[in-house]
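Visitor:
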Amino acid sequence: MQSPHTPDERRAKLEAVRELARRQEHDAAQELLQAQDVGYTSKIFVQALFPYRQVEGNTYSIESGNSSISIVSFNGVPYGKYPRLIMAYIITRAVENAGRLKEGKIDEAEARRIPLGHSMSHFLKAIGIELRANGGKRGNVTLLRKQIKRLASSVITVQSDDGVHARGSNTQVLDDWNLWFDPRDPNQGSFMESELVLTSKFFQYVAESPIPIDLNVLRQLSKPRSMDIYIWLTLKQYWLAKNNRDAYTFTWEMMAANFATKALDSNDARQNFRKEIKKSIRDILTVWPDAGITADTTGVTVTKTATSIRQRPPKPQLD
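Position one of the sequence shown corresponds to residue 2 (the numbering used here), numbered consecutively onward.
In structure tokens form, the structure reads like this:
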């Protein structure tokens, strides 16, 4: 008896299903870009947690006084702008899921699942990056895939030791990850959706104390240092409002504690650091003119102004 479907018919139906998935992914990415003016990040990223350039080895640490924060990843330390955009996406989705979890619409396992879509090109669009150079060695598809893998194997350690009391905490970012992205064909849709599964500890951490940010501003800041300063500035604007202050000057020593990526043990090193911070401030003022931030010989002054976010969404609380 002849099969009701010939091989050609089966191939045509398969391609039709793939095309439908591609169209749905494209529509979803566009909706995400339009709806996600308001996103979230976490206080753990209000400093240069990720290095600005690639570093040797699998460990990166920032020390400030008796405290330090380190990141270890067996796939290499995440660096540059991509992990910052990826983490903003992850945390925003986690906060949304936390709200649905509290409403009883999903369970905790579903809340920790962060879908990345069925194709790499659509995920690039979702985080605000235009596809270029496809899967070549320096193409952003290849770089993005590497950065996701670096984040996937990351463990963050926060610790302090004053000589009497030593304390610390390790936080693994992900429990599992499944990537079905092919850099050779980033537009190719997969039947299996790529996903990241957050650890329970990291999910609780980022969902309970999120910092609202304007994702459009973050995406327009192409330099990672400028992205870090923007997140820091957003938090400081909330701090000024909460404490009923009109302005506050953060000394260069205070700025170095958050953003210096190496020891400022010479006058040239200190001058170069200040120049880089001032460049980042100019970048921010280009996309957020009313940011209320200036720099002089004393330090960086933040003056209370409206945040870059047009409306602040309600913060979901976890029980």
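Where is the CB? At the ideal position from N, CA and C, for every residue including glycine.
Out of 92, 153, 164, 121, point me to the one whose CA is closest to residue 143's CA.
Guide: By one-based count along the sequence shown, residue 143 stands at place 142. Among 92, 153, 164, 121, the Cα nearest to that of residue 143 belongs to 121.
Visitor: Using the beta-carbon count (16 or more within 10 Å), is residue 166 buried or exposed?
Guide: Sequence index remark: in the sequence shown, residue 166 carries index 165 (1-based). That one is exposed.
Visitor: Pick out whichever of 51, 89, 7, 68 has its Cα sitting closest to the Cα of residue 40.
Guide: Here residue 40 refers to the residue found at position 39 of the sequence shown. Residue 89 is the option with its Cα nearest to residue 40.
Visitor: Using a Cβ-Cβ cut-off of 6 Å (strictly less than) and excluding sequence neighbours within five positions of residue 176, which residues of its own chain qualify?
Guide: On the sequence shown, residue 176 is found 175 positions in, with the first residue counted as 1. Closer than 6 Å at the Cβ level, and outside the excluded window around residue 176, lie 198, 200.
Visitor: Which same chain residues, not among the five before or five after residue 154, have their C-beta less than 7 Å away from its C-beta?
Guide: Sequence index remark: in the sequence shown, residue 154 carries index 153 (1-based). Within the same chain, residue 154 has close Cβ partners 74, 75, 76.
Visitor: DSSP beta-bridge partners for residue 69?
Guide: Numbered from its first residue, the sequence shown carries residue 69 at position 68. Answer is 64, 160.
Visitor: Would residue 128 pass as a contact of residue 72 if the rule is Cβ separation under 8 Å?
Guide: In the sequence shown, counting from the first residue as 1, residue 128 sits at position 127. In the sequence shown, counting from the first residue as 1, residue 72 sits at position 71. In this structure, residue 72 does not lie closer than 8 Å to residue 128 by Cβ.
Visitor: For the alpha helix (DSSP H) holding residue 229, just list the boundary residues, first then last.
Guide: Stepping through the sequence shown from its first residue, residue 229 is reached at position 228. Per DSSP, residue 229 belongs to the alpha helix (DSSP H) from 225-243.
Visitor: Can you name the start and end residues of the alpha helix (DSSP H) that residue 59 belongs to?
Guide: Translated into positions along the sequence shown, residue 59 becomes position 58. Run containing residue 59: none; DSSP gives neither H nor E here.
Visitor: With a 10 Å radius around its C-beta and 16 neighbouring C-beta atoms as the bar for buried, classify residue 54 as buried or exposed.
Guide: By 1-based counting over the sequence shown, the position of residue 54 is 53. Result: exposed.
Visitor: Apart from the five residues on each side of it in sequence, which residues of its chain come closer than 6 Å, Cβ to Cβ, to residue 304?
Guide: Your numbering for residue 304 matches position 303 in the sequence shown. Result list for residue 304: 248, 293, in chain order.
Visitor: Evaluate residue 215 with the Cβ neighbour count: other Cβ atoms within 10 Å of its Cβ, from every protein chain shown; 16 or more gives buried, anything less gives exposed.
Guide: On the sequence shown, residue 215 is found 214 positions in, with the first residue counted as 1. It is buried - the Cβ of residue 215 has at least 16 other Cβ atoms within 10 Å.
Visitor: Where does residue 275 land, buried or exposed, given buried means 16+ other C-beta within 10 angstroms?
Guide: For the purposes of this step, residue 275 is taken as the residue at position 274 of the sequence shown. Classification for residue 275: buried.
Visitor: Roughly how many angstroms lie between the CA atoms of residue 286 and residue 298, to the nearest whole one?
Guide: As a first step, residue 286 is located in the sequence shown; it is residue number 285 there, counting from the start. As a first step, residue 298 is located in the sequence shown; it is residue number 297 there, counting from the start. Their Cα atoms are separated by approximately 19 Å.
Visitor: DSSP state of residue 75, grouped into three classes?
Guide: The residue given as residue 75 occupies position 74 in the sequence shown. In the structure shown, residue 75 sits in coil (DSSP, three-state: anything other than H, G, I, E or B).
Visitor: Who does residue 142 pair with in a DSSP beta bridge?
Guide: Taking the first residue of the sequence shown as position 1, residue 142 is located at position 141. Beta-bridge pairing links residue 142 to no other residue.
Visitor: DSSP on residue 278, reduced to helix/strand/coil?
Guide: Taking the first residue of the sequence shown as 1, we reach residue 278 at position 277. Of the three classes helix, strand and coil, the one that applies to residue 278 here is helix, per DSSP.
Visitor: Express the C-alpha separation of residue 81 and residue 266 in angstroms, rounding to a whole number.
Guide: Against the sequence shown, residue 266 aligns to sequence position 265. Against the sequence shown, residue 81 aligns to sequence position 80. About 24 Å.
Visitor: Less than 8 Å between the C-beta atoms of residue 227 and residue 161, yes or no?
Guide: Within the sequence shown, numbered from 1, the residue matching residue 227 stands at position 226. Within the sequence shown, numbered from 1, the residue matching residue 161 stands at position 160. No. Outside cutoff.
Visitor: Mind checking which residues open and close the alpha helix (DSSP H) that includes residue 84?
Guide: Sequence index remark: in the sequence shown, residue 84 carries index 83 (1-based). 82-103 is the extent of the alpha helix (DSSP H) around residue 84.
Visitor: Looking at the structure shown, is residue 249 part of a helix, part of a strand, or coil, going by DSSP?
Guide: In the sequence shown, counting from the first residue as 1, residue 249 sits at position 248. It is a strand residue.
Visitor: Taking the straight line between their C-alpha atoms, what separation do you get for residue 246 and residue 259?
Guide: In the sequence shown, residue 246 corresponds to position 245, counting from 1. In the sequence shown, residue 259 corresponds to position 258, counting from 1. Approximately 21 Å, taken between the alpha carbons.
Visitor: For residue 308, name the three-state secondary structure that DSSP assigns.
Guide: Here residue 308 refers to the residue found at position 307 of the sequence shown. Correct three-state label for residue 308: coil.
Visitor: Of all the options 58, 209, 50, which has the alpha carbon lying nearest to the alpha carbon of residue 103?
Guide: The count along the sequence shown starts at 1 and reaches residue 103 at position 102. Nearest option by C-alpha distance: 209.
Visitor: Going straight from the alpha carbon of residue 126 to that of residue 268, what length do you get?
Guide: Locating residue 126 in the sequence shown gives position 125, where the first residue counts as 1. Locating residue 268 in the sequence shown gives position 267, where the first residue counts as 1. About 43 Å.
Visitor: Starting from residue 219, trace the beta strand (DSSP E) in both directions and tell me its first and last residue.
Guide: Here residue 219 refers to the residue found at position 218 of the sequence shown. From DSSP, residue 219 is part of no beta strand (DSSP E) but of the alpha helix (DSSP H) over 216-221.
Visitor: I'd like the list of long-range same chain contacts for residue 242, defined as Cβ closer than 8 Å, with 5 residues on each side in sequence excluded.
Guide: Sequence index remark: in the sequence shown, residue 242 carries index 241 (1-based). Only 305 meet the Cβ criterion.
Visitor: Count the other CB atoms within 10 Å of the CB of residue 116; is the residue buried (16 or more) or exposed (fewer)?
Guide: In the sequence shown, the residue the question calls residue 116 occupies position 115. That one is exposed.
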